[in-house]
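Undergrad: Keeping their order, the protein sequence lines are chains A and B.
Here this note's numbering is used: the first residue of the first sequence is 6, the next is one more, and so on.
Here this note's numbering is used: the first residue of the second sequence is 325, the next is one more, and so on.
Glycine included, each C-beta is placed from N, C-alpha and C at the ideal position.
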Amino acid sequence: MSSQRPLLRKVLKTRCPRCGRDIVVEVNERILMEARNNPLGMAGIVEMHGDHAAVVYVDRNGNERGVRVYPVLAKGAEEYTVFTLPSASLENFYNIGGFSLTLKKLRMMIRAGLQEEGVTLRASKGEAVLELDFKRDFSWSTVKRFTWILVDAVSTSYSENPNDYLNAVKLLDVVLREPQFFYSKDVFWLVTNASTITMKTRLPEAMLFRKYRPSMLFERYDTRFLLRVAETPSEPVSKLLRSDNPHVVYSRADALLAMYKRGIIDLVVE
Amino acid sequence: MSVELYHDAFFLLFPDLKKTADAVIEEAEAGMPVPQEALEWARRVKTRIDNLRDDMAVASRRLNGVTIPIEFQELEEVSRYGFTALKRRLVSGDDKYHVFFNEISYETRLFRSAFTSLSTRAAETLNGNISLVVEINDAAPLLAVKVASRSTSKAKVVVADAVDVYGSDAIRGIQSDYIKKYLLDGEVLRIDEASEYEGKADLVAFTFIDAWRYGFRKLFAAARRLLAPGGVLAALLPLNSREGLRTILWAWGVTEFLDVDELRKIVRSQGYVDPSLRVYGPFVALMATAK
Numbered sequence: 006m007s008s009q010r011p012l013l014r015k016v017l018k019t020r021c022p023r024c025g026r027d028i029v030v031e032v033n034e035r036i037l038m039e040a041r042n043n044p045l046g047m048a049g050i051v052e053m054h055g056d057h058a059a060v061v062y063v064d065r066n067g068n069e070r071g072v073r074v075y076p077v078l079a080k081g082a083e084e085y086t087v088f089t090l091p092s093a094s095l096e097n098f099y100n101i102g103g104f105s106l107t108l109k110k111l112r113m114m115i116r117a118g119l120q121e122e123g124v125t126l127r128a129s130k131g132e133a134v135l136e137l138d139f140k141r142d143f144s145w146s147t148v149k150r151f152t153w154i155l156v157d158a159v160s161t162s163y164s165e166n167p168n169d170y171l172n173a174v175k176l177l178d179v180v181l182r183e184p185q186f187f188y189s190k191d192v193f194w195l196v197t198n199a200s201t202i203t204m205k206t207r208l209p210e211a212m213l214f215r216k217y218r219p220s221m222l223f224e225r226y227d228t229r230f231l232l233r234v235a236e237t238p239s240e241p242v243s244k245l246l247r248s249d250n251p252h253v254v255y256s257r258a259d260a261l262l263a264m265y266k267r268g269i270i271d272l273v274v275e
Numbered sequence: 325m326s327v328e329l330y331h332d333a334f335f336l337l338f339p340d341l342k343k344t345a346d347a348v349i350e351e352a353e354a355g356m357p358v359p360q361e362a363l364e365w366a367r368r369v370k371t372r373i374d375n376l377r378d379d380m381a382v383a384s385r386r387l388n389g390v391t392i393p394i395e396f397q398e399l400e401e402v403s404r405y406g407f408t409a410l411k412r413r414l415v416s417g418d419d420k421y422h423v424f425f426n427e428i429s430y431e432t433r434l435f436r437s438a439f440t441s442l443s444t445r446a447a448e449t450l451n452g453n454i455s456l457v458v459e460i461n462d463a464a465p466l467l468a469v470k471v472a473s474r475s476t477s478k479a480k481v482v483v484a485d486a487v488d489v490y491g492s493d494a495i496r497g498i499q500s501d502y503i504k505k506y507l508l509d510g511e512v513l514r515i516d517e518a519s520e521y522e523g524k525a526d527l528v529a530f531t532f533i534d535a536w537r538y539g540f541r542k543l544f545a546a547a548r549r550l551l552a553p554g555g556v557l558a559a560l561l562p563l564n565s566r567e568g569l570r571t572i573l574w575a576w577g578v579t580e581f582l583d584v585d586e587l588r589k590i591v592r593s594q595g596y597v598d599p600s601l602r603v604y605g606p607f608v609a610l611m612a613t614a615k
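(1) Under a Cβ-count criterion, where at least 16 other Cβ atoms within 10 Å of its own Cβ denotes burial, should G355/B be classed as buried or exposed?
(2) Chain B partners of K190/A, CB-CB under 8 Å?
(3) Keeping to the same chain, check which residues put their C-beta closer than 7 Å to that of D340/B; ignore five residues upstream and five downstream.
(4) What three-state label does DSSP hand Y85/A in the structure shown?
(5) Of all the CB atoms in chain B, is at least one closer than 7 Å to the CB of Y75/A?
(6) Considering only C-alpha positions, which residue in the set M221/A, R215/A, N42/A and P238/A is nearest to R229/A?
(7) Which first and last residues belong to the beta strand (DSSP E) in which L106/A is found?
(8) So that I know if they touch, is there some Cβ in chain A lying closer than 7 Å to that of K420/B?
(9) Quick check: the Cα distance between L231/A and I50/A, rounded to an integer number of angstroms?
(10) Between L610/B, A614/B and R433/B, which has its C-alpha nearest Q594/B's C-alpha?
(11) Measure the C-alpha to C-alpha separation of K266/A and L155/A and round it to an integer number of angstroms.
(12) If you follow the alpha helix (DSSP H) that F230/A is in, where does it begin and where does it stop?
(13) Give the straight-line distance between the Cα atoms of D332/B and F396/B, rounded to the nearest whole angstrom.
(14) If you measure from the beta carbon of R267/A to each beta carbon in chain B, is any gap under 7 Å?
(15) Taking the Cβ atom as the reference point for each residue, do A117/A and L95/A lie within a distance shorter than 7 Å?
(16) When you compare only the Cα positions, how much space is there between E580/B and Q360/B?
(17) A362/B and L414/B look like a contact to me (Cβ under 8 Å); what is the Cβ gap, rounded to whole Å?
(18) At what residue ranges does the region 588 to 613 of chain B contain a whole run of the beta strand (DSSP E), taking only runs of 3 or more?
(19) With a threshold of 7 Å on Cβ separation, who are the neighbours of L527/B within its own chain once the five nearest residues in sequence on each side are excluded?
(20) Check each candidate in G67/A, D169/A and V63/A and name the one with the smallest Cα separation from L90/A.
(21) Within the 7 Å Cβ cut-off, does V591/B reach chain A?
(22) Around the C-beta of Y99/A, are 16 or more other C-beta atoms found within 10 angstroms, so that it is buried, or is it exposed?
(23) State the start and end residues of the unbroken beta strand (DSSP E) segment that holds V390/B.
(24) For a minimum of 3 consecutive residues, which ranges assigned as the beta strand (DSSP E) are wholly contained in the region 127 to 181 of chain A?
(25) Quick one: what does DSSP say S565/B is sitting in, helix, strand or coil?
(26) Can you check the region 499 to 526 of chain B for any beta strand (DSSP E) of at least 3 residues that lies completely inside it and give the ranges in chain order?
(27) How would you list, in chain order, the residues of chain B whose beta-carbon sits under 7 Å from the beta-carbon of L45/A?
(28) Assuming D64/A is part of the beta strand (DSSP E), what are its boundary residues?
(29) Going by beta-carbon coordinates alone, are G568/B and R537/B separated by less than 7 Å?
(30) So which of W145/A, K149/A and D138/A has the shortest CA-CA distance to K130/A?
(31) Do you know how far the Cα of N172/A is from the Cα of L45/A?
(32) Is R257/A close to chain D? Criterion is C-beta to C-beta, closer than 7 Å.
(33) Report all residues from its chain with a CB closer than 8 Å to the CB of A545/B; omit the five preceding and five following residues, and keep chain order.
(34) Counting beta carbon pairs with one atom in the region 192 to 205 of chain A and one in the region 237 to 249 of chain A, are three or more of them shorter than 8 Å?
(35) Decide if M38/A is buried, meaning its Cβ has at least 16 other Cβ atoms within 10 Å, or exposed.
(36) Give me the residue from R592/B, D583/B, A547/B and L551/B with the minimum Cα distance to N564/B.
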């Protein structure tokens with residue numbers, strides 16, 4: 006049976022804010038499905054413009070939600086910008102000995118502590134490939150499950166900041182140690198996009214949230230963090246998540262998503 | 325403050341409800357996309373409030389000189405937000421604000437007192453032996469997870485939704501979050517798919533607007549089917565037989581009207597024993613045992 010092209014729903018025309026070039030993108034069922042599955046209800050369509058990539062964000066209704074430009078340092082079409090992180094960045098890792106993450110659409114490769122012969126697991130989804138080396142043995146089903154969730158989240162990520170991906174791998178390392186701890190694709194996605202997203206509080210929701218303090222959130226997350234978010238009009242998510250402790254990063258990302266799901270904050274790509 | 329004065333005070337919210345209806349109509353007249361159902365809702369609300377103008381005037385006179393307590397001021401504040409959430413739900417189908425409205429309502433003084441009383445008494449009655457708790461049609465199943473968290477063994481929580489609530493991804497996602505975040509086992513399903521749990525629940529709960537919209541008699545009957553013999557029903561219900569709260573809840577689609585006598589009658593006729601009713605302003609916390 007021949008493969009079918011995704012059904013075309015809409016053609017969007019916009020302009021690159023960096024070089025002014027016209028951008029014409031096709032919104033099809035696959036893009037809409039990606040937006041429906043995304044925590045913020047958005048999907049990005051990448052167009053390469055020489056030294057930069059323009060990403061057109063589309064919501065679940067197929068409407069444009071902004072264009073963001075990312076620098077692409079590679080000179081040739083086949084070249085990747087390689088970020089080799091210092092081995093010190095992995096010193097607190099318990100399970101993962103090294104990793105390599107390739108993001109084809111952004112032509113980025115991030116490597117840390119991975120030897121050529123050290124790859125024990127390779128997971129790929131769309132245009133993301135994650136290779137991992139482990140320090141110890143543990144349940145294969147656990148590794149596979151959480152690694153797949155991470156690579157699935159990364160495949161729809163557009164951050165050019167290697168630290169966002171390092172933080173996501175840090176979370177994976179913790180998940181593998183404590184698999185009973187509930188982690189989700191949405192958390193991985195927010196962490197891997199932290200540098201590209203800004204939190205904005207909504208009124209009157211933030212005011213009512215501070216006043217009535219819903220049990221579900223105030224019993225499950227750090228009260229000081231929740232109040233700090235609700236009292237801040239606008240702040241980059243990367244700044245809100247900043248912590249050396251991956252448990253704290255996870256908890257804060259989860260708390261932000263919980264606030265977003267209730268309309269207390271907006272998470273916008275800027 | 326007496327129950328009667330609470331009802332009079334709810335008339336104070338009529339102008340805000342009418343403004344919400346006006347806003348829906350204005351959006352439609354300005355050519356913005358407004359579903360027909362939302363527009364019809366707005367017209368019905370306007371007509372009903374216009375028809376109650378004389379009752380509003382009488383209620384205002386009765387309230388003259390009455391100090392409105394903080395308990396009502398909180399209900400007033402969250403209800404105003406609830407109208408905004410209701411408009412967004414009707415016009416754009418976005419339920420996340422409705423969930424938030426549920427959650428902040430639970431934190432008002434009256435609701436918190438009723439919730440604390442219900443969860444404490446239910447856990448004591450069951451003596452920690454709780455293996456299955458079912459919450460019917462509440463966007464935020466707080467009472468079920470609170471009671472299940474007090475089980476001496478790991479209790480399962482099932483959220484049984486009517487079709488319209490189950491059909492909302494936003495609400496279903498939040499309901500699942502409640503189960504996961506309180507580290508419980510469980511599932512969210514449609515109430516007509518809950519037959520495997522019939523006769524097995526140690527506790528059935530329902531507490532807020534989405535449940536009330538389902539209909540009081542249907543709620544009691546569904547709970548009775550789900551409860552094991554000796555199982556406990558824990559519910560928060562509105563005393564909305566009087567005008568005031570009656571129209572406010574009607575705007576949300578609550579079309580049955582209860583007072584304490586009617587409630588007792590329903591409970592008895594549905595096969596419950598030892599009903600215990602505690603009144604919290606215009607609401608009543610009910611506990612009863614299945615025969």
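TA: Short version:
(1) Your numbering for residue 355/B matches position 31 in the second sequence. G355/B is exposed by the Cβ-count criterion.
(2) As a working mapping, residue 190/A is identified with position 185 in the first sequence. One finds nothing in chain B with a Cβ atom closer than 8 Å to the Cβ of K190/A; even the nearest lies about 13 Å away.
(3) Taking the second sequence and counting its residues from 1, one reaches residue 340/B at position 16. Once the five neighbours on either side are set aside, the close Cβ partners of D340/B are R404 and F407.
(4) The sequence position of residue 85/A within the first sequence is 80, counting from 1. DSSP places Y85/A in coil when its eight states are reduced to three.
(5) In the first sequence, counting from the first residue as 1, residue 75/A sits at position 70. Chain B contact via Cβ: absent.
(6) Along the first sequence, read from residue 1 onward, the residue named residue 229/A stands at position 224. Comparing Cα positions, the closest option is R215/A.
(7) In the first sequence, counting from the first residue as 1, residue 106/A sits at position 101. L106/A -> beta strand (DSSP E) spans I101 to L108.
(8) Along the second sequence, read from residue 1 onward, the residue named residue 420/B stands at position 96. So, interface residue.
(9) Indexing the first sequence from 1 puts residue 231/A at position 226. Indexing the first sequence from 1 puts residue 50/A at position 45. Whole-angstrom Cα-Cα distance: 33 Å.
(10) Sequence index remark: in the second sequence, residue 594/B carries index 270 (1-based). The shortest C-alpha separation from Q594/B is found at A614/B.
(11) On the first sequence, residue 266/A is found 261 positions in, with the first residue counted as 1. On the first sequence, residue 155/A is found 150 positions in, with the first residue counted as 1. Going from the Cα of K266/A to the Cα of L155/A covers about 21 Å.
(12) Indexing the first sequence from 1 puts residue 230/A at position 225. Per DSSP, F230/A belongs to the alpha helix (DSSP H) from T228 to E236.
(13) In the second sequence, counting from the first residue as 1, residue 332/B sits at position 8. In the second sequence, counting from the first residue as 1, residue 396/B sits at position 72. Note on geometry: alpha-carbon atoms of D332/B and F396/B lie some 11 Å from one another.
(14) Indexing the first sequence from 1 puts residue 267/A at position 262. With 7 Å as the cut-off, R267/A counts as an interface residue toward chain B.
(15) As a working note, residue 117/A is residue 112 in the first sequence. As a working note, residue 95/A is residue 90 in the first sequence. Contact flag set, yes.
(16) Taking the first residue of the second sequence as position 1, residue 580/B is located at position 256. Taking the first residue of the second sequence as position 1, residue 360/B is located at position 36. Going from the Cα of E580/B to the Cα of Q360/B covers about 24 Å.
(17) Along the second sequence, one-based indexing puts residue 362/B at 38. Along the second sequence, one-based indexing puts residue 414/B at 90. The pair is a contact, with the Cβ atoms about 4 Å apart (cut-off 8 Å).
(18) 596 to 604
(19) The sequence position of residue 527/B within the second sequence is 203, counting from 1. Cβ neighbours of L527/B beyond the five flanking positions: A446, L450, I454, V457, V471, G555, V556 and A558.
(20) As a position in the first sequence, residue 90/A is number 85, starting the count at 1. Checked all of G67/A, D169/A and V63/A; the closest Cα to L90/A is D169/A.
(21) Start at 1 with the first residue of the second sequence, and residue 591/B comes out as number 267. No, V591/B lies away from the interface with chain A (no Cβ there is under 7 Å from its Cβ).
(22) Start at 1 with the first residue of the first sequence, and residue 99/A comes out as number 94. Per the 10 Å Cβ criterion, exposed.
(23) Along the second sequence, one-based indexing puts residue 390/B at 66. Careful: V390/B lies outside any beta strand (DSSP E) and carries neither H nor E.
(24) 133 to 139
(25) The sequence position of residue 565/B within the second sequence is 241, counting from 1. Correct three-state label for S565/B: coil.
(26) 509 to 514
(27) Here residue 45/A refers to the residue found at position 40 when the first sequence is read from its first residue. In chain order: nothing, as chain B lies at least about 12 Å away.
(28) Position 59 of the first sequence, counting from 1, holds the residue named residue 64/A. First-last of the beta strand (DSSP E) with D64/A: H57 to D64.
(29) For the purposes of this step, residue 568/B is taken as the residue at position 244 of the second sequence. For the purposes of this step, residue 537/B is taken as the residue at position 213 of the second sequence. It is not a contact, given that the beta carbons lie outside the stated cut-off.
(30) Within the first sequence, the letter at position 125 stands for residue 130/A. Of the candidates W145/A, K149/A and D138/A, the one whose C-alpha sits nearest the C-alpha of K130/A is K149/A.
(31) Along the first sequence, read from residue 1 onward, the residue named residue 45/A stands at position 40. Along the first sequence, read from residue 1 onward, the residue named residue 172/A stands at position 167. Straight-line spacing of the CA atoms in L45/A and N172/A works out to 20 Å.
(32) The structure shown has no chain D; the protein chains it does contain are A and B.
(33) Within the second sequence, residue 545/B is the residue found at index 221, counting from 1. Closer than 8 Å at Cβ, skipping near neighbours: Q594.
(34) yes
(35) Counting from one through the first sequence, the residue named residue 38/A turns up at place 33. M38/A comes out exposed.
(36) Here residue 564/B is taken as the residue at index 240 of the second sequence, counted from 1. Out of R592/B, D583/B, A547/B and L551/B, D583/B has the C-alpha closest to the C-alpha of N564/B.
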